[in-house]
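Count the sequence shown with the working numbering and you get residues 2 to 467, in order.
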Amino acid sequence: MEKKEGAHHGAHVLVVPYPLQGHINPVLQFSKRLLIKGGIKVTLAVTTSFFKKSIQAQTGPIRIETFSDGYDDGFQNEDSLEDYFESLKKVGSKTLTQLIKKHQSLGDPISCVVYDPFLSWALDVAKHFNLIAAAFFTQSLAVNSIYYYVQRGLLTVPIVPGNVISVAGLPPLTISDLPSFVSRYGLYPAILTLVTSQFSNIDKADCLLFNSFDKLEQEEMNWMAKQWSVKTIGPTLPSIYLDKRVEGDEDYGFNLFKPSADVCMNWLNMRETGSVVYVSFGSIAELGDEQMNELALCLKETNNYFLWVVRKSEENKLPSNFVVETLEKGLVVTWCPQLEVLSHKAVGCFVTHCGLNSTLESLSLGVPMVGLPQWTDQTTNAKYIEDVWGMGLKVKVNEKGIAIKEEIEACIMEVMEGEKGKGIRENAINWKELAKEAVDEGGSSDKNIEDFVALICHAEFKVCVT
Ligand code: UDP
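The structure is reproduced here in structure tokens:
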């Protein structure tokens, strides 16, 4: 794509993600799209502790700077989340302020802050300097509408089981469709406070950005747009997997784990089209021993080949001898190049925890899903995958919350070969087209990014002439 060099007035955007893999990837991709619109400088500010943990940080022209969250040597198991969030806010506000001041004094001032609303205090810091500020949400519009309802008292927690839950712009929901921090009220109080506090000061934000696209969440978008200036700018996969307009944009470039790339791709190259079940639960979710065992039994007994990502910290839960006993049909790795895997023709379905990135990646690459949501927003994403987007099936769980091997197997079979699965496979092709269309030239997300650039450059221009 032609880079519009110098087309704007030198806006300098400071991007402040929440320090998790699934939060950094989308905002980094958004930053790359800002850069190609021309004349904009982007600096990515990550916490020192996160930066130290990352094994790859290749962000091209995007400069990386660090600020302290008070935990520069990392978060230890014995540390409490409450203490961490408090320190992140207290120390983070101070160190982010210092970073902005440093740029001012160097004659390289920041004009706009794009912040992850899990760090709602970053909006206060930005407004203290009178900067343009945009919240960049890494969970869906649907999920955030639910958090907004809770924050404003429009949805009373704890939720009474059995009631149908109505949230504007969303289909009717049951308690199990809600994000776990809401449905399992009291289990993660610190995180519920974090996700609802995204809306505590949101009216001060100039714009709300979402990693989604208009056709994916049209009703949700229509409702939100009545309250704020909302722009969908996704899906934020590297351009090579969508419109191919951003030169050199082939991967996310910021990784916590090293993928077994060659092993996975060589193994997939030996498989027939649509014959492999790809299984992964993302970077955080931990399966209980019983769930791990059911899944392992299912994969061992299924007729399909499988590629299963079991992170190092989860490996000890695998049944003994599993890897050896399934060598003929399975490959187990600790991390894989997921985008390359999902776009490989051998992959016929994705057994996923339904994290938003994985969901959008699968949808954009046309791979039907079998949802095994574990917690956080994954439960709501799974509802959308099955009932709203028709992109997959959610596995039924028993009274203990476990998806038994027969249920997982039935969903895999249906999605890969069944009659209902036929509609799902057709929808998958359709969503792949729509995702590409959204980010391609003139698509809804592309236009929204243009509008956002105009907003920040206009503000920059006003600062220059006053
Ligand atoms: N991912 C990957 N290799 C793996 C598993 C996951 O590169 O083996 C990437 C995946 O492509 C996605 C991210 O890690 O971009 C996981 O984000 P998601 O929102 O799906 O889940 P989270 O890790 O935040 O729970």
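A virtual CB, placed ideally from N, CA and C, is assigned to each residue, including glycine.
Residue i beta carbon near the ligand UDP (any heavy atom closer than 6 Å)
{"i": "Ile285", "result": "yes"}
{"i": "Asn26", "result": "yes"}
{"i": "Gln339", "result": "yes"}
{"i": "Ser213", "result": "no"}
{"i": "Val280", "result": "no"}
{"i": "Leu357", "result": "yes"}
{"i": "Trp224", "result": "no"}
{"i": "Trp309", "result": "no"}
{"i": "Thr367", "result": "One detail in the question is off: residue 367 reads as Gly in this sequence, not Thr. No."}
{"i": "Gly23", "result": "yes"}
{"i": "Gly229", "result": "The amino acid occupying residue 229 in the given sequence is Trp; Gly does not appear at that position. No - the ligand UDP has no heavy atom lying nearer than 6 Å to the Cβ of Trp229."}
{"i": "Trp336", "result": "yes"}
Proximity of residue i and residue j at Cβ, strictly below 7 Å
{"i": "Ser261", "j": "Val352", "result": "no"}
{"i": "Val348", "j": "Val277", "result": "yes"}
{"i": "Ile430", "j": "Gly367", "result": "yes"}
{"i": "Ser445", "j": "Phe214", "result": "yes"}
{"i": "Ala206", "j": "Ser112", "result": "no"}
{"i": "Val14", "j": "Val43", "result": "yes"}
{"i": "Pro236", "j": "Ser69", "result": "no"}
{"i": "Met370", "j": "Asn428", "result": "no"}
{"i": "Ile25", "j": "Phe255", "result": "yes"}
{"i": "Asn202", "j": "Ser121", "result": "yes"}
{"i": "Trp224", "j": "Ala169", "result": "yes"}
{"i": "Ser250", "j": "Lys38", "result": "For the record, residue 250 in the displayed sequence is Asp; it is not Ser. Not in contact: Asp250 and Lys38 (Cβ atoms no closer than 7 Å)."}
{"i": "Leu238", "j": "Glu420", "result": "no"}
{"i": "Leu210", "j": "Lys232", "result": "yes"}
7 Å Cβ shell around residue i - same chain, five flanking residues per side excluded
{"i": "Thr467", "result": "Note that Thr467 scores a pLDDT of 39, beneath 50, so its modelled location is shaky; the value from the coordinates is reported in the next line. Excluding residues within five positions, none has a Cβ falling inside 7 Å."}
{"i": "Val311", "result": "Leu319, Val333, Thr335"}
{"i": "Glu1", "result": "Residue coverage of the chain in this structure runs from 2 to 467, which leaves residue 1 outside it and unanswerable."}
{"i": "Asn449", "result": "Lys232, Thr233, Ile234"}
Proximal residues to residue i (C-beta, below 6 Å), its chain only, five neighbours per side dropped
{"i": "Trp376", "result": "Ser181"}
{"i": "Ala127", "result": "Val114, Ala134"}
{"i": "Thr327", "result": "Lys301"}
{"i": "Cys355", "result": "Gly372, Pro374, Gln379, Asn382, Ala383"}
{"i": "Thr96", "result": "Phe68, Ser69"}
{"i": "Met293", "result": "Lys318"}
Within-7 Å CB hit, residue i to chain B
{"i": "Gly235", "result": "Reference to chain B is not applicable here, since this structure consists of a single protein chain."}
Limits of the beta strand (DSSP E) - the one that residue i falls within
{"i": "Lys42", "result": "42-48"}
{"i": "Gly372", "result": "370-372"}
{"i": "Phe211", "result": "208-211"}
{"i": "Thr353", "result": "348-353"}
{"i": "Val14", "result": "13-17"}
{"i": "Val333", "result": "331-334"}
{"i": "Phe307", "result": "306-310"}
Segment limits, alpha helix (DSSP H) that includes residue i
{"i": "Val325", "result": "323-326"}
{"i": "Leu343", "result": "339-343"}
{"i": "Pro27", "result": "22-37"}
{"i": "Leu188", "result": "Where Leu188 is concerned, there is no enclosing alpha helix (DSSP H), given that its DSSP letter is neither H nor E."}
{"i": "Thr360", "result": "357-365"}
Own chain residues within Cβ distance below 8 Å of residue i, not counting five before or after
{"i": "Lys433", "result": "Leu364, Ser365, Leu366, Gly367"}
{"i": "Tyr186", "result": "Val158, Pro159, Ile160, Leu193"}
{"i": "Lys330", "result": "Asn305, Tyr306, Phe307"}
Inside the segment 69-154 only - alpha helix (DSSP H) runs reaching at least 4 residues: 82-106, 122-129, 142-152
Complete runs of the beta strand (DSSP E) confined to the segment 382-450 [at least 3 residues]: 393-395
Every unbroken alpha helix (DSSP H) inside the segment 221-303 [4 residues or more]: Complete alpha helix (DSSP H) runs here, min 4: 262-270, 290-302.
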